[in-house]
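For the sequence shown, my numbering gives the first residue as 42, with consecutive numbering after it.
Note that CB positions come from ideal geometry on N, CA and C, so glycine has one too.
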Amino acid sequence: MIEMSLTLAESDNKAKMRSVFKGDTGQIGFSVVKVLVNRFLESFAFSTKLNDSQVEILTVDTLENFAYESLEDIILFFKMARSGKFGSAKKGIDSNLIFGEWFPQFMEQKSILREQNQPKPELRQSATDEDIFSYKKKLLQKKHKEKVQKHVDYITKNMDRQMLEDFIIDWQKDSEKAKWVYLLKEKRKQL
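Take a look at the structure:
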């Protein structure tokens, strides 16, 4: 039997009920799940059994709750439920017990398994000396640029366009200040 070797990990990679049993195959899906529901219910030794109408309702509930899960998930769920993995049935079996208490536990187990099987992003253990040096250098360059920008703003706040043009020419001649000429040219656009 398939359920003897079935595991949660295997059932997660199977085709989902909604995609397998749609359209013309919907009735086949209903029949298959109804057989599974009957088999599940017969495994309990309660004196009162569900009537045909209740079994059909339970089958529909099963199809709705497992629409995005596989047929193997249904088989595995019923196997785990009848073996007491989600708790015991004290007075009888009904939709409230199955889908109100047991189904959420099953889905939680599936969720935990999915999270464990997700590839984890590789985290760097620590920054290397080279990374630290590079970051420090970029930070210092940024601070220096901000300082130069403030200086340019200060010295150009009362300049007219001609004074700014003369200033640009002077800075272009100085090798140290030449790399900051673009800041003066940006100021020229604002005048």
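- A direct Cα-to-Cα measurement between Phe87 and Thr66 gives close to 33 Å.
- A contact between stretches requires three or more CB pairs, one per stretch, nearer than 8 Å, and the region 84-99 meets this requirement with the region 131-147.
- A direct Cα-to-Cα measurement between Lys220 and Gln159 gives close to 49 Å.
- In terms of CA proximity to Trp212, Tyr223 leads the group Tyr223, Arg202, Phe119.
- Using a 10 angstroms sphere on the CB of Phe119, the tally of other CB atoms reaches 16 or more, which defines it as buried.
- Contact check between the region 101-115 and the region 58-65: three or more CB pairs, one atom from each, fall below 8 Å, which counts as touching.
- Residue pairing by DSSP places Ser136 in no beta bridge whatsoever.
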